[in-house]
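Residue numbers (numbering that gives the first Met the number 0), protein chains in the order written: chain S, 0 to 324; chain H, 0 to 387. Heads up, the beta-carbon is just placed ideally off N, CA and C, and yes, glycines get one too.
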Amino acid sequence: MTPSVRSRLLASATAFAMGFGIGNYGVLMVARPDLWLWIAVSVVLMATGAAGVLFADTNRAVSFWAVLGGEVFTVLTLVPLLWTFTVATTPEGVVPRTVWPQDVTWAAFDGVVSSATLRDAASTSLLVAFLATLIAMPLAVGAAHALVHLAAPGRRYVYGFVLAALLAPVLALAGPFADQLISFGAYGSRLALVVPSLVLTLPLATWLCVTVFRDAPWGLLDAARADGATRGQLLRRFALPQLGPGVLAVALLVFVAACNDFALGAGLAPDRPSLPLPATLMLVSGRVDGSATIAAAGLLWLMLPLALLLVLPRRINHLLGRSYR
Amino acid sequence: MTSIELRHLTTDGPGDRPLLDDISLVVPAGSTLAITGPSGAGKSRLLRTIVGLDEQSSGDVVIDDIVVNTVNPRGRDVAMVFQDYALHPHLDVFDNLAFSSVLRKGYNQEALSVRIHEVAEQLALTDLLESRPADLDDPQRQRVALGRTLVRDAAVYLFDAPFTAQSERVRGHVRSVTAQWQTERSRTSIFTTNDVEEALSTADRVAVMHQGFIHQVGTPRELYDHPADMFVAGFLGSPPMNLVPAVPVDRQLVTPLATMLLDDQLLERIGDRGLLVAGIRPEHCYDATAPAGLAVTDRVEFTTRIDDIEWRGSSQFAYLGYEIEPEVEALMGEVEDLLEFDLFQSFMVAQLPAESALRAGMSIRVVIPRLKVHVFDPETGENLTPPR
Numbered sequence: 000m001t002p003s004v005r006s007r008l009l010a011s012a013t014a015f016a017m018g019f020g021i022g023n024y025g026v027l028m029v030a031r032p033d034l035w036l037w038i039a040v041s042v043v044l045m046a047t048g049a050a051g052v053l054f055a056d057t058n059r060a061v062s063f064w065a066v067l068g069g070e071v072f073t074v075l076t077l078v079p080l081l082w083t084f085t086v087a088t089t090p091e092g093v094v095p096r097t098v099w100p101q102d103v104t105w106a107a108f109d110g111v112v113s114s115a116t117l118r119d120a121a122s123t124s125l126l127v128a129f130l131a132t133l134i135a136m137p138l139a140v141g142a143a144h145a146l147v148h149l150a151a152p153g154r155r156y157v158y159g160f161v162l163a164a165l166l167a168p169v170l171a172l173a174g175p176f177a178d179q180l181i182s183f184g185a186y187g188s189r190l191a192l193v194v195p196s197l198v199l200t201l202p203l204a205t206w207l208c209v210t211v212f213r214d215a216p217w218g219l220l221d222a223a224r225a226d227g228a229t230r231g232q233l234l235r236r237f238a239l240p241q242l243g244p245g246v247l248a249v250a251l252l253v254f255v256a257a258c259n260d261f262a263l264g265a266g267l268a269p270d271r272p273s274l275p276l277p278a279t280l281m282l283v284s285g286r287v288d289g290s291a292t293i294a295a296a297g298l299l300w301l302m303l304p305l306a307l308l309l310v311l312p313r314r315i316n317h318l319l320g321r322s323y324r
Numbered sequence: 000m001t002s003i004e005l006r007h008l009t010t011d012g013p014g015d016r017p018l019l020d021d022i023s024l025v026v027p028a029g030s031t032l033a034i035t036g037p038s039g040a041g042k043s044r045l046l047r048t049i050v051g052l053d054e055q056s057s058g059d060v061v062i063d064d065i066v067v068n069t070v071n072p073r074g075r076d077v078a079m080v081f082q083d084y085a086l087h088p089h090l091d092v093f094d095n096l097a098f099s100s101v102l103r104k105g106y107n108q109e110a111l112s113v114r115i116h117e118v119a120e121q122l123a124l125t126d127l128l129e130s131r132p133a134d135l136d137d138p139q140r141q142r143v144a145l146g147r148t149l150v151r152d153a154a155v156y157l158f159d160a161p162f163t164a165q166s167e168r169v170r171g172h173v174r175s176v177t178a179q180w181q182t183e184r185s186r187t188s189i190f191t192t193n194d195v196e197e198a199l200s201t202a203d204r205v206a207v208m209h210q211g212f213i214h215q216v217g218t219p220r221e222l223y224d225h226p227a228d229m230f231v232a233g234f235l236g237s238p239p240m241n242l243v244p245a246v247p248v249d250r251q252l253v254t255p256l257a258t259m260l261l262d263d264q265l266l267e268r269i270g271d272r273g274l275l276v277a278g279i280r281p282e283h284c285y286d287a288t289a290p291a292g293l294a295v296t297d298r299v300e301f302t303t304r305i306d307d308i309e310w311r312g313s314s315q316f317a318y319l320g321y322e323i324e325p326e327v328e329a330l331m332g333e334v335e336d337l338l339e340f341d342l343f344q345s346f347m348v349a350q351l352p353a354e355s356a357l358r359a360g361m362s363i364r365v366v367i368p369r370l371k372v373h374v375f376d377p378e379t380g381e382n383l384t385p386p387r
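The structure is reproduced here in structure tokens:
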């Protein structure tokens, strides 16, 4: 038996055992309608196990460990989302007892749209994220160009510093930022959040822009220059088509990341009306009508990254998953 | 018509060795110069310096008697084909062909379109005009890159390895299209190639470049008949010139396989050198019993055993092994290390007629016209043989 066949059979056995366990647990312990969810997951896993046995000794380019991993990842991602949806669509006064939604009502979504607190929080988030992205992008483009192109000594250290800033715990900076804002008398205002947000947007934008710039076909720039292109023509005929889409994707990613920032918002405007949306959902549940509204707002907020992934799936995948290609 | 001149062009490298080493060249208006040399010789760097993409450390680039060192690429009006094709992925073939022409104001759209269709027809791209570069294979992409330059009306044209991706059958056609385009308006051009035969057959003049240095410039015949140094001798020709260690003894030159008489002029140039290198082209080795061998009068002769035979259809190569002293071999090794090029073998190659009934292991009497033997100084590489 070759190692790959053995590995496939092992993956099949694992999938089958997991499916068998989940199915039995569901049948014995879980009530309807969630029972059907458990059974569905169990059937998929056991089918994967069966397929794994059937295809173990073939030359098909498929890894059953990857299939199993994908299935586990899907379940772990979709079940919390389904739970959020169930909470959001449960009628007021009813406590949801099952993961599968039963009496679906869309009132909570109306509540989100009509809630002034949530509307304010959303507009704060969007405004702060927009401004922080707007300021970060030109700086990041310049920095990425320098990091990729200039033969300056120590640029590896600068890049390392950018990565370190990206990985630094933002919450640790919230305290000192708050002190600064208080001393400036700007504590609690919407625009005061923009500068601290740069801690998040600038390194992220620089890091992603470096990827865009590193992969750009710079030979084309030389060719266009040799062809006699002016600066304007280089911008229009090289930079715009070759770098533009990548830079736009970076800007959108950074914008979404800034919109979803919880730590700075929570740390810098804990009890103010300028609290951004993610922090609002966490901290001021008392001011909105129950958990259904919060879940509904969370789902609506999720549309932002989802829309981004739907519009630019290949670019995002390239930017974030480059090392796996 | 525009001429190009390079005056002592030098570009410093990261180490001790310059990337371009004191290059002086003249390409007269309307002529073609081929720059040939092994990979990494600095050929592409030289073209990029002429077009203005790379800056030289010292020396001048002169286009049409004007020093253009401080002129940007647009001002130099030089068209260039890049080795990596440099096609715009978001444009189709038609727009790629038009790209360099539309960058300048005042072009005639109709005339340009006619010209593009003409070039596309010549380069077998007509059916691909609406395709994107990603849909083309490498030879097609290279033809688009070439076509983009042929479409443009520039003062000077540079081609960086423009035919490498073409198959053997297509290459000749593409070369002839380029040559015809070149002669129809007496355009001035420089092209680089690793292919020695391509350089010798296509260009008016050939420059042999290695390690950023131009070893020799001249007409293909000049270079072939009288290589200036050992590198040129060992690089030009397929198979290249046999370079065999030789020792002068009195009025004779003793090589591992043969001994030849030295005339006064050569003897004087050899002086008191103790070790030399004799250069013999494979096609100048004749079978003594064949008519060509019998016709040679002033001859060097030797008899040896054939180690191996390689039959090539139109001719056959006989490999004639020999042994040399270890200290001589070490010295040859040092020369090769210095040049970073494999010049010496422990066998001689004789290119003989295909119809000769030869086989490995048999004995052969070889005749070489004495005046076809070159003598080199192994230390400087210089060809000591006077031009004949």
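Per DSSP, reduced to three states, the secondary structure at I305/H is coil, with no helix or strand assignment. In terms of Cα proximity to T35/H, the closest of D228/H, V195/H, H225/H, A154/H is V195/H.
Between the stretch 157 to 164 of chain H and the stretch 6 to 14 of chain H, the count of C-beta pairs closer than 8 Å stays below three; the two stretches do not touch.
When the beta-carbon positions are compared, G227/S and R73/H come within less than 7 Å of each other.
Residues of the stretch 55 to 75 of chain H that bring their beta carbon within less than 9 Å of a beta carbon in chain S comprise N71, P72, R73, G74, R75, in sequence order. Rounded to whole angstroms, the separation of the alpha carbons of E117/H and G217/H is 34 Å. Within chain H, the C-beta atoms nearer than 7 Å to that of L219/S come from A85, H87, in chain order.
Ranked by Cα distance from R364/H, the first of N68/H, P377/H, D126/H, V299/H is V299/H. For S314/H, no Cβ of chain S is located within less than 7 Å of the residue's own Cβ. In its chain, beyond the 5 residues on either side, V207, H209, H214, L338, F340, L342, G380 have a beta carbon closer than 8 Å to the beta carbon of F230/H. The C-beta of K42/H has 16 or more other C-beta atoms within 10 Å across all chains shown, which makes the residue buried. About 6 Å separates the CB atoms of L111/H and A97/H; that is less than 8 Å, so the two are in contact. In chain H, no part has a C-beta under 8 Å from the C-beta of G231/S; the shortest such distance is about 10 Å. Think of a sphere of 8 Å around the beta carbon of A222/S: the chain H residues whose beta carbon falls inside it are M79, F81, A85, in chain order.
The beta carbon of A144/H lies closer than 7 Å to those of V80, F81, Y84, A85, L86 in the same chain, with the five residues before and after it left out.
Taken atom to atom, the span from the alpha-carbon of V127/S to that of T200/S is near 11 Å.
In the DSSP assignment, M136/S falls outside any beta strand (DSSP E) and within the unbroken alpha helix (DSSP H) covering 115 to 148. A direct Cα-Cα distance of roughly 10 Å separates P240/S from L90/H. H116/H: member of the alpha helix (DSSP H) spanning 108 to 121, first to last residue. Shown here for N71/H: same chain residues with a beta carbon closer than 7 Å to its own, the five before and five after excluded, namely G51 in chain order. The straight-line gap separating the alpha-carbon atoms of S114/S and T83/S is approximately 19 Å. Sixteen is the threshold: when 16 or more other Cβ atoms of the shown chains lie within 10 Å of the Cβ of T31/H, as they do, the residue is buried. Proximity to L319/H across F301/H, G312/H, V26/H peaks at F301/H, based on C-alpha coordinates.
If you ignore the 5 residues before and after L19/H, its C-beta comes within less than 7 Å of the C-beta of L8, T9, T10, G41, R44, L45, T48, Q55, G211, all in its own chain and listed in chain order.
When only Cα atoms are considered, V26/H and V150/H end up about 22 Å apart. For P152/S, none of the residues of chain H pass the 8 Å Cβ criterion, the least Cβ distance being about 14 Å. Scanning the stretch 148 to 211 of chain S for uninterrupted alpha helix (DSSP H) segments of 4 residues or longer gives 154 to 166, 169 to 183, listed from N- to C-terminal end. Taking the C-beta atoms as reference points, A33/H is found no nearer than 7 Å to A154/H.
Taking 7 Å as the cut-off, the Cβ atoms of A294/S and A121/S do not count as close.
Take the alpha-carbon of L357/H and the one of V276/H: they are about 28 Å apart.
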